[in-house]
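Working notes, beginning with the structure itself.
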Amino acid sequence: MRIAAVQFHIDHKNKEVNWSRAEEFMMDAAKQKADLIVFPEYFIGGPGKHMVEKTAPGEAVKRFSDLAKKYEMDIVPGTLTERDPADGHVYNTAHYIDKSGKVLLAYRKVHLWHPERQYMKKGENGFSTVKNRFGIEIGLCICWDIAFPEVFRELAMKRKAHLIIAPAYWSLDDGGELAVAQDPLSEAKMLNSISTARCFENGIVFVLCNPANESNVERKQPFGTMAGRTQIAVPFKGPVAHCDHEREEMIIADVNIKTLTEHAEEVYKVRQDWDTGLVYGGYANCGKSSKI
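Just so we're aligned, residue 0 is where the sequence shown starts under this note's numbering, counting upward by one.
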């Protein structure tokens with residue numbers, strides 16, 4: 000698969016500017032024959048209670064589906080802040096849409112970042128996967144989810160994902176004064192470390208897509224200093240495409256997911272050990288002591 004990920008500068012004041020620029024990136028990715036394009040969390044308008052989708056349920060998803068069909072490209076369009084008409088709660092939702100415009104997978108964020116908990120409800124449906132048109136098992140998670148190795152165990156070991164995609168809205172200020180006092184780039188180092196660790200420890204390909212920052216600083220918008228560090232990480236190599244900065248950029252990588260993940264399993268046998276109970280918490284250990 001040829002995967003594109005956009006470290007996108009979000010205009011927090013004008014959603015239509017973001018829609019227009021997203022289509023420009025899709026047009027560019029299509030010219031480069033990308034199979035999949037990924038955008039950051041909240042990239043259509045930024046975070047906050049005021050961004051709860053005011054249009055009819057599914058309208059934004061339909062708009063993304065139309066773009067997927069127009070450019071014949073799978074898309075993970077960041078996340079949408081949606082109010083469920085059935086229960087009235089607000090959720091942070093990511094989608095995997097294939098090039099036919101069909102929504103193959105929708106995921107509601109489970110691990111909400113602390114400010115989100117004031118107005119959002121965590122997803123109650125857990126984690127699931129789906130096969131895309133290349134026969135690759137895909138899993139989605141969002142931003143703070145990636146801090147928990149258990150999420151990747153669930154997706155990779157139990158749900159058999161080989162490609163996990165995480166739209167994020169992660170800032171250099173998220174750690175607060177204590178983290179910044181230790182190292183101003185603490186959050187960037189965390190993103191880099193997690194991305195490499197998750198693909199190595201699970202034998203999966205991992206795409207992290209986070210916003211760009213520089214214009215936020217210039218416009219003095221109150222949304223923190225975005226951390227960037229969008230990357231595509233694979234077993235054996237770590238990042239094969241990486242924005243090791245906060246500037247806007249689209250990265251593209253050709254990734255042979257099947258070969259990389261099969262070779263990782265052949266070498267490390269993490270899935271085999273999980274299934275046979277040699278990994279703490281693996282299938283064969285349910286209800287019994289670990290063999291470790």
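Even for Gly, the Cβ is constructed at its ideal location relative to N, Cα and C.
Backbone CA spacing between residue i and residue j [nearest angstrom]
i      : j      : result
GLU149 : GLU123 : 16 Å
LEU111 : CYS142 : 9 Å
SER26  : MET249 : Note that residue 26 is Met in the sequence shown here, rather than Ser. Roughly 12 Å between the two C-alpha positions.
LYS98  : SER64  : 8 Å
PHE7   : THR275 : 42 Å
PRO166 : VAL269 : 26 Å
LYS30  : GLY281 : 44 Å
LYS68  : LYS101 : 9 Å
MET225 : LEU171 : 6 Å
ASP243 : GLU58  : 34 Å
VAL254 : SER192 : 20 Å
GLU213 : ILE256 : 33 Å
SER288 : LEU277 : Below a pLDDT of 50, predicted positions are generally treated as unreliable, and SER288, at 42, falls in that range; the measurement from the model is reported next regardless. Looking at the two C-alpha atoms, the distance is approximately 11 Å.
Residue i, DSSP secondary structure in three states
i      : result
VAL179 : helix
THR229 : coil
VAL75  : strand
VAL60  : helix
MET249 : strand
PRO114 : helix
ALA4   : strand
CYS208 : strand
PRO84  : coil
PRO292 : No answer is possible for residue 292: the residues shown for the chain start at 0 and end at 291.
LEU35  : strand
LEU154 : helix
GLN128 : Rather than Gln, the amino acid found at residue 128 in this sequence is Thr. The answer is strand: DSSP assigns THR128 an E or B state.
THR224 : coil
VAL16  : helix
VAL269 : helix
Outcome for residue i when other beta-carbon atoms lying within 10 angstroms are tallied against a minimum of 16
i      : result
TYR279 : exposed
LEU133 : Correcting the residue identity first, residue 133 is Phe in this sequence and not Leu. So PHE133 ends up on the exposed side.
ALA146 : exposed
LEU108 : Strictly speaking, residue 108 in this sequence is Lys, with Leu absent from that position. Classification of LYS108: buried, given that the 10 Å Cβ count is 16 or more.
PRO210 : buried
HIS318 : Residue 318 lies beyond the range of the chain shown here (0 to 291); nothing can be said about it.
ASP34  : buried
VAL266 : exposed
Residues near residue i in its chain [Cβ-Cβ closer than 6 Å; skip 5 each side]
i      : result
ALA252 : ILE2, ILE231, VAL239 and ALA240
LYS130 : GLU136
ALA263 : GLY202 and PRO234
Chain-order list of residues whose beta-carbon lies under 8 Å from that of residue i (same chain, five-residue window excluded)
i      : result
ALA160 : THR128, GLU136, ILE137, GLY138, LEU154 and ILE203
GLY286 : With a pLDDT of only 49 at GLY286, under the threshold of 50, the placement of this residue in the model should not be trusted, and no figure is reported.
ILE96  : VAL60, PHE63, SER64, ALA67, ASP73, ILE74, VAL75, PRO76, VAL102 and LEU103
Own chain partners of residue i with C-beta closer than 7 Å, once the 5 adjacent residues on each side are dropped
i      : result
MET119 : VAL89, TYR90, ASN91 and LEU111
**Request:** Taking 8 Å as the threshold, find out whether the stretch 174 to 188 comes into contact with the stretch 152 to 165 through three or more Cβ pairs.
**Result:** no
**Asked** Are the stretch 190 to 208 and the stretch 230 to 249 touching, with three or more C-beta to C-beta distances below 8 Å?
**Response** Contact holds: three or more Cβ-Cβ distances are below 8 Å.
**Message:** Does the contact criterion of 3 or more C-beta pairs under 8 Å hold for the stretch 39 to 49 versus the stretch 71 to 79?
**Reply:** yes
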